[in-house]
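Enquirer: What follows is a single structure, and I will ask about it in a moment.
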Amino acid sequence: SEGPQRHFPLRCLQISSFANSSWSRTDGLAWLGELQAYTWRNDSDTIRFLKPWSQGRFSDQQWENLQHIFLVYRISFTRDIQEFVTMLHVDYPFDIQISGGCEVLLGNTSKSFLDIAFQGKAVVSFQGTFWVPDPDSPPWVQKACKVANQDRGTRETVQWLLDSICPGLVRGLLETGKSELEKPVQPEAWLSSGPAPGPGRLLLGCHVSGFYPNPVWAMWMRGEQEQPGTRRGDVLPQADGTWYLRVTLDVAAGEAAGLSCRVRHSSLGDQDIILYWGRGQAS
Ligand code: PBS
Numbered sequence: 042s043e044g045p046q047r048h049f050p051l052r053c054l055q056i057s058s059f060a061n062s063s064w065s066r067t068d069g070l071a072w073l074g075e076l077q078a079y080t081w082r083n084d085s086d087t088i089r090f091l092k093p094w095s096q097g098r099f100s101d102q103q104w105e106n107l108q109h110i111f112l113v114y115r116i117s118f119t120r121d122i123q124e125f126v127t128m129l130h131v132d133y134p135f136d137i138q139i140s141g142g143c144e145v146l147l148g149n150t151s152k153s154f155l156d157i158a159f160q161g162k163a164v165v166s167f168q169g170t171f172w173v174p175d176p177d178s179p180p181w182v183q184k185a186c187k188v189a190n191q192d193r194g195t196r197e198t199v200q201w202l203l204d205s206i207c208p209g210l211v212r213g214l215l216e217t218g219k220s221e222l223e224k225p226v227q228p229e230a231w232l233s234s235g236p237a238p239g240p241g242r243l244l245l246g247c248h249v250s251g252f253y254p255n256p257v258w259a260m261w262m263r264g265e266q267e268q269p270g271t272r273r274g275d276v277l278p279q280a281d282g283t284w285y286l287r288v289t290l291d292v293a294a295g296e297a298a299g300l301s302c303r304v305r306h307s308s309l310g311d312q313d314i315i316l317y318w319g320r321g322q323a324s
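In my numbering, each residue carries its 1-based index in the sequence shown increased by 41.
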């Protein structure tokens, strides 16, 4: 095979909220590229597979071992943070977010990352074999890193997860999930007229829905002329893993005739979707 054409990083997110010394919760989720493959709720002892290919090429036994490592980790993490906070006089409530994962690159290499945020701000990352505080992180975080760096067993486990387990998992997932990951899904598109932006004006909407993967190009046109007034909304995720985009154009009512909306996407080849204003919808 020709190998992966696009980038499919595995990104694992941990969100931990600590309300006070006796209440906290930790939730986890993980994505391969744009597709969410796992979820791990605070009230569950097991990581849930969201895709038929989520197990990758790992055996049941390998998953059980990993699951156990993460279960022990979740309990230890909560306890350790509570201890740091008592020892170093940090105020409740607070959130800790951890983002970790890896990407497999050409030639059997991989790149991994592990970053920790406190109250939404990056404070610590794992680099090579050590926890490294950001230079401008609070003093208590720097002290917590010193303490954490004394636990060689944990550092070795983190290193092993990042440099061996993660890329191994991703290599398997790229095989088991290949057809879904690499298969583009065509958007449908339709036009609408929105609330009049002013007297004698029209707000033309061009909706593009159900495409995968994410990048899409959509523009209001007059013939071959791109309309610079085209406003692009945010690309929004849909529940089925595809995306939605709306682009709008504010025009004088008399100038709407002859406008069209043009959509380009990898699923369409060179067959752009072109929808003409005034054909099919009330103008
Ligand atoms: C705002 C945050 C402040 C930053 C603080 C510094 C960063 C520290 C982050 C520490 C995260 C690990 C928390 C648990 C760890 O301290 C330790 O208690 C346990 N270690 C593990 O569970 C290893 C797995 C870590 C995965 C991390 C993924 C993000 C338990 O450690 C004990 O048992 C293990 C074996 O299970 C070892 O023997 C270890 O030496 C021992 O201490």
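The C-beta atom is built at its ideal place from N, Cα and C for all residues, glycine as well.
#1: Who are the near neighbours of R196 in its chain, counting only those whose CB is closer than 6 Å to its CB and skipping five residues on each side?
#2: Please give the ranges of any alpha helix (DSSP H) in the region 69-157, keeping only runs that are unbroken, at least 4 residues long and fully inside the region.
#3: So what's D326 in DSSP terms, helix, strand or just coil?
#4: Taking only runs of the beta strand (DSSP E) that begin and end inside the region 226-267, which ones reach a length of at least 3 residues, in chain order?
#5: Quick one: residues in its chain with C-beta nearer than 6 Å to the C-beta of H248, no 5 flanking neighbours on either side, listed in chain order?
#6: Under 6 Å Cβ to Cβ from M260, same chain only, skipping five residues before and after it: list those, please.
#7: Would you report the Cα separation of S324 and W284, rounded to the nearest angstrom?
#8: Over the uninterrupted beta strand (DSSP E) stretch that includes Q200, give me the two end residues.
#9: Could you name the residues of the same chain whose beta carbon sits closer than 7 Å to that of F159, not counting the 5 residues immediately before and after it, in chain order?
#10: For W181, which of helix, strand or coil comes out of DSSP?
#11: Short of 8 Å in beta carbon distance, which residues of its chain neighbour L112, apart from the five on each side in sequence? Order them along the chain.
#12: Quick one: what does DSSP say K224 is sitting in, helix, strand or coil?
#13: Assign P176 to one of three DSSP states: helix, strand, or coil.
Expert: A quick look at the data gives this:
#1: T170
#2: 101-129
#3: Given that the chain is displayed from residue 42 to residue 324, the structure contains no residue 326 and the question cannot be resolved.
#4: 229-235, 242-252, 258-263
#5: W231, R287
#6: E267, T271, R303
#7: With a pLDDT of only 48 at S324, under 50, the local geometry of the prediction cannot be trusted, and the value read off the model is given with reservation. Taking the straight line from one Cα to the other gives about 27 Å.
#8: Where Q200 is concerned, there is no enclosing beta strand (DSSP E), although the alpha helix (DSSP H) it sits in stretches over 193-201.
#9: F135, I137, V182
#10: helix
#11: D86
#12: coil
#13: coil
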